[in-house]
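Numbering (the working numbering), first residue to last: 6 to 309.
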């Protein structure tokens, strides 16, 4: 599905950006459209530049058919950092669950990219009242054969995480990762980069980057993959119980397609309906590389 087109504009409507208190955490989110609720959880670790902004090419189209919500996860974007210095998977889960509760969202189509795929799988298992369907996008984090060093090696070779700790953010610096993660470079627009740069300059972003750098090898990765293994065991024994869609970029370098195939093989026997779709000419940001195809897949699967 090679449907990439250069977007006319890549901005976020400020009137559709809001803040809500989630257990004392000031949380930014985007809301638009009418219809069945669809919630988009972006990827990234604490302090990364993955935020709700990454969905900007998809949001207007999805809002034509869904009531769309896209939050900044805990410790990302304009959402507060974890209270009590709790940089853990459990804190991410409580915040995501609390966000859905705060807005009264139930029976939603839950979509998660990368680390967000891990998060929505957890939500669907732990809080079945929240989820009507589950959509996992290029998520190494929930893939059964992924190891902590795989994606980390990719990011270390890029060198942007170290530089963000040591240097003042610049447009050139913040676009290193999205440039490497998109097949169609024109999808890394000037508008998108400008928004990332604003976020990179926030003191809270730099603090979260420093803390996850300290915790990544000793605390964060061990906790993340312990929880991943627990979730997969629960899928094997309890089943998923809801339709599940896996979408992957054929050219993904940080989360290779082989991981998506292994994940689908693990999920499919335990879901009432399961589909795997691979987008050609698409890397880790497959939804930005192929926004029309990605949106069409969500509409067909969730509403079909």
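For glycine and all other residues, C-beta sits at the position ideal for the given N, C-alpha and C.
So does residue 275 have its beta carbon nearer than 8 Å to some heavy atom of the ligand ADP? Ligands are entirely absent from the displayed structure, and the ligand ADP is therefore not among its contents.
Which word fits residue 43, buried or exposed, when buried means at least 16 other C-beta atoms lie within 10 angstroms of its C-beta? buried
Counting C-beta neighbours from all protein chains within 10 Å, is the total for residue 95 16 or more, i.e. buried, or is it exposed? exposed
Using the beta-carbon count (16 or more within 10 Å), is residue 167 buried or exposed? exposed
Have a look at residue 226 and residue 92 and give me their C-alpha separation to the nearest angstrom. 11 Å
So residue 253 is in the beta strand (DSSP E); what residue range does that whole segment cover? 249–254
Candidates 128, 47, 108, 55: which alpha carbon is nearest residue 26's? 108
Do residue 79 and residue 123 have their C-beta atoms within less than 9 Å of each other? no
Can you tell me whether residue 196 is helix, strand or coil according to DSSP? helix
Residues in the same chain with beta-carbon distance under 8 Å from residue 236, minus the five sequence neighbours each way, listed in chain order, please. 123, 126, 127, 130, 147
May I have the straight-line CA-CA distance separating residue 262 from residue 289, to the nearest angstrom? 10 Å
Report the CB separation of residue 86 from residue 213 in whole angstroms; it is logged as a contact under 8 Å. 5 Å
Give me the DSSP bridge partner(s) of residue 46. 117
On the criterion of 16 or more Cβ atoms from any shown chain inside 10 Å, does residue 182 qualify as buried, or is it exposed? buried
Distance CB(residue 158)-CB(residue 253) smaller than 9 Å: no
Complete alpha helix (DSSP H) runs within the stretch 73–113 (minimum length 4 residues, chain order): 94–107
CA-CA distance, residue 204 and residue 210? 7 Å
Which parts of the stretch 236–300 are runs of the alpha helix (DSSP H), unbroken and 4 residues or longer, counting only runs that do not cross its ends? 262–272, 291–294
Where the alpha helix (DSSP H) containing residue 37 begins and where it ends: Segment 30–37 is the beta strand (DSSP E) holding residue 37; no alpha helix (DSSP H) there.
Taking 9 Å as the cut-off, decide whether the C-beta atoms of residue 61 and residue 17 are in contact. yes
With contact counted as at least three CB pairs below 8 Å, one residue from each stretch, are the stretch 169–181 and the stretch 240–256 in contact? no
What did DSSP end up calling residue 150 once you bin it into helix, strand or coil? coil
Pull up the distance between the alpha-carbon of residue 153 and that of residue 259, whole angstroms please. Unreliable placement is indicated for residue 153, whose pLDDT of 48 sits below 50; no coordinate value is reported for it.
How many angstroms separate the CA atom of residue 194 from the CA atom of residue 187? 11 Å
Which first and last residues belong to the beta strand (DSSP E) in which residue 58 is found? Per DSSP, residue 58 belongs to no beta strand (DSSP E) and is neither H nor E.
Do you know whose CA, among 162, 302, 268, 283, lies nearest residue 149's CA? 268
Identify whether residue 24 lies in helix, strand or coil by the three-state DSSP scheme. strand
List the residues that DSSP assigns as beta-bridge partners of residue 138. 114
For residue 120, collect the residues of the same chain with a Cβ closer than 7 Å to its Cβ; drop the 5 residues on either side in sequence, then sort them by chain order. 48, 49, 50, 146
By how many angstroms is the C-alpha of residue 38 removed from the C-alpha of residue 250? 22 Å
Skipping 5 residues on each side, what residues in its chain have a beta carbon closer than 7 Å to that of residue 40? 70, 71, 72
Tell me, to the nearest whole angstrom, how far the beta carbon of residue 57 is from that of residue 88; I am working on the premise that it is less than 8 Å. With 8 Å as the limit, residue 57 and residue 88 do not qualify as a contact, their Cβ atoms being about 21 Å apart.
Select from 20, 197, 63 the residue whose C-alpha is nearest the C-alpha of residue 292. 63
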